[in-house]
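Asks: If you use this note's numbering, the sequence shown closes out at 209, no skipped numbers anywhere.
All C-beta atoms in this analysis are idealised placements derived from N, C-alpha and C, irrespective of residue type, glycine included.
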Amino acid sequence: MNDHAATTPGDQFGHLLDHEYDGIREYDNPTPGWWHLIFAGTVLFGVVYFSFFTFSPMAWTPQSALAAAQTREFQRLFAEIGELAPDEPTIRSLMGDEKWMAVAQGLFATNCVSCHGPEGQGLVGPNLTDDAYKNVMTLTDIPRVITDGAANGAMPAWGARLHPNEIVLLSAYVADLRGKNLPGPRGPEGDTIPPWD
Ligand code: HEC
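Printed below as a string of structure tokens:
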């Protein structure tokens with residue numbers, strides 16, 4: 013500390029340092045300890061966060077978190093209804109059931125709309141809202157086609173990818189789509205089949 017510093021007004025800000033650049037001088041005010049702690053903390057957090065989400069097999073992505081949440085939700089729902097049989101009475105009882113058809117709509121949106129269109133009106137795959145079908149004559153043909161696929165995999169086999177209950181729910185949803193008669197890009201394909209009832 014020199015004489016000049018001791019007599020400078022504003023000494024309450026701490027003592028004035030010796031150096032001077034272009035007439036500018038500065039007080040000795042180090043950043044406080046808590047500030048350093050927060051700074052070091054954010055750096056440490058960044059290192060841990062980056063390493064965990066980049067390298068750890070236990071890290072999750074938004075997609076995997078959603079899939080896990082969906083699986084938990086389906087397990088909860090399926091515990092409620094037990095095992096659904098892919099038969100006519102079961103499919104009929106689910107058709108028009110608002111709650112289960114809402115679940116099925118989610119499944120359809122995730123797995124089927126890329127080929128059958130957002131409303132089932134057809135795209136790469138046939139229109140599911142009209143009365144013409146290629147592989148379906150009766151209600152129970154629907155779970156069979158979904159499980160085994162058709163046309164050498166042009167319609168994929170979902171048996172190994174979906175829970176059996178999901179296939180029955182989707183079957184009821186597909187059966188419900190019939191009669192909406194939405195205009196699709198492909199026109200009717202296959203034969204006109206007798207009504208479900
Ligand atoms: C990769 C495209 C693709 C996806 C994804 C797909 N389908 Fe298909 N689907 C097709 C094609 C193509 C056909 C027609 C097969 C044929 O020509 O015999 C078909 C046929 C069907 C049929 C029989 C229709 C008929 O006229 O006989 C049903 C029912 C069906 N799909 C339901 C579903 C459901 C439910 C899903 C979702 C789980 C699904 N599809 C996902 C392409 C797809």
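Would you say the beta carbon of F120 is closer than 7 Å to some non-hydrogen atom of ligand 1?
Replies: Flag set: Cβ of F120 near ligand 1.
Asks: Does the beta carbon of I103 fall short of 7 Å from some heavy atom of ligand 1?
Replies: No; taking the cut-off as 7 Å, the Cβ of I103 has no heavy atom of ligand 1 nearer than that.
Asks: What does DSSP give as the partner residue(s) for D40 in the beta ladder?
Replies: For D40, which the question treats as bridged, DSSP gives no partner whatsoever.
Asks: Can you give me the C-alpha to C-alpha distance between S183 and R104, rounded to a whole angstrom?
Replies: So the alpha carbons of these two residues sit roughly 10 Å apart.
Asks: Enumerated in chain order, which unbroken segments of the alpha helix (DSSP H) with a length of 4 residues or greater are wholly contained in the segment 111 to 163?
Replies: Segments of the alpha helix (DSSP H) lying fully in the segment 111 to 163: 125 to 128, 153 to 160.
Asks: To the nearest angstrom, report how far apart A172 and F65 are at their CA atoms.
Replies: Roughly 30 Å between the two C-alpha positions.
Asks: Would you say E100 touches ligand 1, meaning its beta carbon is less than 7 Å from a heavy atom?
Replies: Not under cutoff, so the answer is no.
Asks: Sorted by chain position, which residues of the same chain lie with C-beta nearer than 7 Å to G137's C-beta, five sequence neighbours on each side aside?
Replies: C127, H128, M167, listed in sequence order.
Asks: Kindly indicate the opening and closing residues of the alpha helix (DSSP H) around E92.
Replies: Segment 74 to 93, the alpha helix (DSSP H) holding E92.
Asks: Report the residue from E131, A163, Q133, G132 whose alpha carbon sits nearest the alpha carbon of K146.
Replies: It is A163 whose Cα lies nearest to the Cα of K146.
Asks: Please say whether N139 and P9 have beta carbons closer to each other than 8 Å?
Replies: Residue numbering for the chain in the displayed model covers 13 to 209; residue 9 lies beyond these limits and cannot be assessed.
Asks: For D203, which residues does DSSP report across the bridge?
Replies: The partner list for D203 (beta bridge, DSSP) reads Y145.
Asks: Using 8 Å as the threshold, is the segment 88 to 101 in touch with the segment 144 to 159, meaning 3 or more CB pairs across them?
Replies: Result yes; three or more Cβ-Cβ pairs closer than 8 Å.
Asks: Pick helix, strand or coil for L96, following the three-state DSSP scheme.
Replies: Correct three-state label for L96: coil.
Asks: Might you give, ordered along the chain, the residues of its own chain that have their beta carbon closer than 6 Å to the beta carbon of K192, omitting 5 neighbours on each side?
Replies: T141, listed in sequence order.
Asks: How big is the Cα-Cα spacing for I50 and A169?
Replies: Between I50 and A169, the C-alpha separation is close to 55 Å.
Asks: Who are the Cβ neighbours of F120 in its own chain at under 7 Å, not counting the five residues just before and after it?
Replies: The answer, listed in chain order, is L182, Y185.
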